[in-house]
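Residue numbers for the sequence shown, in my numbering: 1 to 426.
Here is the structure we will look at.
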Amino acid sequence: MTIPRWIRWTVVAAATCLTFTAAGTAGAAPADFYATPEPLPAGAAGDVLKAEGYAPALAVRDQVGPWPSGAQRIMYRSTDARGGAVATTATYFDAAAPWPGGGPQPLVVLAPGTQGQGDQCAPSKLFTEIVHYTPPLDFAVEYEVAQTYALLARGIDVVVVDYEGLGTAGMHSYVDRRAEAHAVLDAARAVKALPGSRIGDDSPIGFWGYSQGGGAAAAATELQAAYAPELNVRGTYAGGPPADLRAVAGALDGGLAAGLLGYAVNSIYAGYPETRAEIDGALAPAGRQVLDDIAGQCVPETIARYGLHRTSEWTRDGRTLAQLIDALPNVRAVVDEQRIGRSAPRSPVLIVQGRNDDLIPHTQAQQLAADWCAQGATVDFGTEEIPPIAPGFVVGHALPMFTGLPRALDWMTARFDGEPAPTTCA
């Protein structure tokens with residue numbers, strides 16, 4: 001397809017400016033670190049397979065000293081959606097600032113928002129350079145540095161997960177609730193197991209994420225009681241969570257981020273073999289090419305190449321992906337399995353959702369809160385009242401991540417301090 005000139009030059013110009021800004025701060029992550037041991041050694045979920053320290057690309061100095069004081073790239077054992085053992089990676093940041101609250105050092109497991117599907121998009125790689133750019137359009141910025149460093153400034157240690165298949169072997173399990181939840185839960189276990197870690201069995205733990213990360217954090221708190229009951233989880237912040245993929249698919253199609261739907265199709269195709277014949281039968285050759293292309297891309301390139309297009313262009317009969325979900329029984333079953341809200345978290349949750357989010361519908365986040373409230377959970381649901389700004393161009397989705405950040409920081413800090421959690425449940 002022909003890429004509009006304004007999109008091409010916007011991506012290139014942004015990459016060039018940001019690359020000069022970040023130049024010289026750090027080197028790229030070593031490729032051999034991400035080589036998965038074959039076979040995986042025997043062990044349990046959360047076991048550390050390898051770890052190495054490095055200097056983050058961006059450090060902030062105050063009267064205490066630089067923070068983060070250091071970082072470790074870790075590879076740990078986790079579990080895929082069907083119970084198989086996998087290796088995944090994460091970055092652990094040790095906050096230089098002392099924890100001002102009472103009790104043991106807290107840890108937040110930060111599930112990142114959508115980075116892409118190519119291995120170069122893994123946060124543990126991007127934290128070594130902040131900006132990645134390979135001409136002409138392979139471009140990524142690690143925007144999660146804002147939330148990560150805001151938590152570190154509060155004296156909270158942070159581990160940022162990469163998710164299954166992002167940086168490591170295999171397809172990234174995009175918006176697969178079980179795989180992402182396991183990656184989050186096992187990251188907390190891995191940090192506890194690191195030699196010299198100040199995170200112990202009694203350390204309070206929080207889950208945190210926005211967008212894809214909000215869904216992963218929500219799934220983690222929902223599955224924690226069954227999968228990792230030993231963790232001392234105090235609370236979860238789930239911002240803009242894609243709890244209902246059917247609703248999200250309809251909202252994305254035709255907008256600037258329409259290509260992200262292809263990440264989900266690739267994830268389903270790789271993780272659920274029973275769907276492959278249905279997907280192959282529905283895709284036109286052009287659609288197959290799109291999926292093959294985006295499997296190696298980060299978000300900015302996917303937007304530049306496939307934004308503002310309809311997924312009906314990918315299919316043989318012109319139906320959209322949202323329409324095909326209902327028509328393909330195996331695909332429908334897998335998509336329905338990703339619905340979050342099936343069981344009550346046993347620790348408090350804060351859900352923050354933009355009223356006019358143009359990617360993640362407000363109504364499906366409201367329904368998640370209602371589902372959990374009906375099951376007896378403690379849920380605080382908040383709406384960011386931002387007016388519609390360029391609908392379909394991601395502004396309505398991106399802004400609440402930043403406008404909701406102070407509220408989320410205060411809420412999580414209060415959970416670690418042992419304060420009673422507020423609730424909006426009737």
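C-beta atoms are modelled at their ideal positions from N, C-alpha and C, and glycine is treated no differently.
Since residue i sits in a beta bridge, which residues does DSSP pair it with?
{"i": "residue 373", "result": "DSSP, once it has assigned bridges, lists no residue as partnering residue 373."}
{"i": "residue 207", "result": "109 and 236"}
{"i": "residue 82", "result": "None; residue 82 has no bridge partner."}
{"i": "residue 384", "result": "354"}
{"i": "residue 116", "result": "298"}
{"i": "residue 50", "result": "75"}
{"i": "residue 132", "result": "140"}
{"i": "residue 256", "result": "None; residue 256 has no bridge partner."}
Given this structure, state the Cα-to-Cα distance separating residue i from residue j, to the nearest angstrom.
{"i": "residue 293", "j": "residue 103", "result": "49 angstroms"}
{"i": "residue 58", "j": "residue 112", "result": "18 angstroms"}
{"i": "residue 285", "j": "residue 314", "result": "8 angstroms"}
{"i": "residue 384", "j": "residue 44", "result": "41 angstroms"}
{"i": "residue 266", "j": "residue 157", "result": "33 angstroms"}
{"i": "residue 74", "j": "residue 37", "result": "13 angstroms"}
{"i": "residue 121", "j": "residue 110", "result": "16 angstroms"}
{"i": "residue 71", "j": "residue 108", "result": "14 angstroms"}
{"i": "residue 399", "j": "residue 241", "result": "14 angstroms"}
{"i": "residue 220", "j": "residue 281", "result": "34 angstroms"}
{"i": "residue 386", "j": "residue 350", "result": "18 angstroms"}
{"i": "residue 192", "j": "residue 411", "result": "24 angstroms"}
{"i": "residue 217", "j": "residue 188", "result": "12 angstroms"}
{"i": "residue 264", "j": "residue 207", "result": "23 angstroms"}
{"i": "residue 376", "j": "residue 345", "result": "9 angstroms"}
{"i": "residue 26", "j": "residue 54", "result": "Interpretation of residue 26 is limited by its pLDDT of 42, a score under 50 that renders its predicted location unreliable; no figure is taken from the coordinates."}
{"i": "residue 232", "j": "residue 422", "result": "19 angstroms"}
{"i": "residue 379", "j": "residue 211", "result": "18 angstroms"}
{"i": "residue 305", "j": "residue 51", "result": "36 angstroms"}
{"i": "residue 83", "j": "residue 99", "result": "36 angstroms"}
{"i": "residue 277", "j": "residue 319", "result": "17 angstroms"}
{"i": "residue 404", "j": "residue 354", "result": "9 angstroms"}
{"i": "residue 316", "j": "residue 289", "result": "13 angstroms"}
{"i": "residue 32", "j": "residue 134", "result": "20 angstroms"}
{"i": "residue 222", "j": "residue 39", "result": "31 angstroms"}
Would residue i pass as a contact of residue j if the rule is Cβ separation under 8 angstroms?
{"i": "residue 442", "j": "residue 254", "result": "As shown, the chain starts at 1 and ends at 426. That puts residue 442 outside it, with no answer to give."}
{"i": "residue 256", "j": "residue 394", "result": "yes"}
{"i": "residue 258", "j": "residue 182", "result": "no"}
{"i": "residue 118", "j": "residue 297", "result": "yes"}
{"i": "residue 49", "j": "residue 87", "result": "yes"}
{"i": "residue 101", "j": "residue 76", "result": "no"}
{"i": "residue 170", "j": "residue 125", "result": "no"}
{"i": "residue 396", "j": "residue 357", "result": "yes"}
{"i": "residue 369", "j": "residue 381", "result": "yes"}
{"i": "residue 361", "j": "residue 251", "result": "yes"}
{"i": "residue 311", "j": "residue 116", "result": "no"}
{"i": "residue 163", "j": "residue 144", "result": "no"}
{"i": "residue 243", "j": "residue 325", "result": "no"}
{"i": "residue 402", "j": "residue 300", "result": "no"}
{"i": "residue 209", "j": "residue 190", "result": "no"}
{"i": "residue 198", "j": "residue 413", "result": "no"}
{"i": "residue 246", "j": "residue 322", "result": "yes"}
{"i": "residue 78", "j": "residue 201", "result": "no"}
{"i": "residue 262", "j": "residue 283", "result": "no"}
{"i": "residue 34", "j": "residue 89", "result": "yes"}
For the ligand COA, I want to know if residue i counts as a neighbour, meaning its beta carbon is within less than 7 angstroms of at least one of the ligand's heavy atoms.
{"i": "residue 90", "result": "This structure lacks the ligand COA, and indeed carries no ligand of any kind."}
Is residue i helix, strand or coil when you go by DSSP?
{"i": "residue 309", "result": "coil"}
{"i": "residue 74", "result": "strand"}
{"i": "residue 157", "result": "strand"}
{"i": "residue 379", "result": "strand"}
{"i": "residue 416", "result": "helix"}
{"i": "residue 90", "result": "strand"}
{"i": "residue 349", "result": "strand"}
{"i": "residue 15", "result": "Only weak support exists for where residue 15 lies, its pLDDT of 33 falling under 50; the value from the coordinates is given anyway. Residue state, collapsed to three classes: helix."}
{"i": "residue 315", "result": "strand"}
{"i": "residue 166", "result": "coil"}
{"i": "residue 283", "result": "strand"}
{"i": "residue 196", "result": "coil"}
{"i": "residue 227", "result": "helix"}
{"i": "residue 183", "result": "helix"}
{"i": "residue 411", "result": "helix"}
{"i": "residue 121", "result": "helix"}
{"i": "residue 338", "result": "coil"}
{"i": "residue 32", "result": "helix"}
{"i": "residue 201", "result": "coil"}
{"i": "residue 38", "result": "coil"}
If you measure from the beta carbon of residue i to each beta carbon in chain C, is any gap under 8 angstroms?
{"i": "residue 347", "result": "Of the protein chains in this structure there is only one, and it is not chain C."}
Inter-stretch contact (C-beta, 8 angstroms, three-pair minimum) for the stretch 124-142 and the stretch 223-232:
no
Within 8 angstroms, do at least three Cβ pairs link the stretch 148-157 to the stretch 79-94?
Contact between the stretch 79-94 and the stretch 148-157 is present, because at least three Cβ pairs lie under 8 angstroms.
Taking three-plus beta-carbon pairs below 8 angstroms as touching, is the stretch 165-179 in contact with the stretch 331-342?
yes
The stretch 350-362 contacting the stretch 401-421, beta-carbon criterion three pairs below 8 angstroms:
yes
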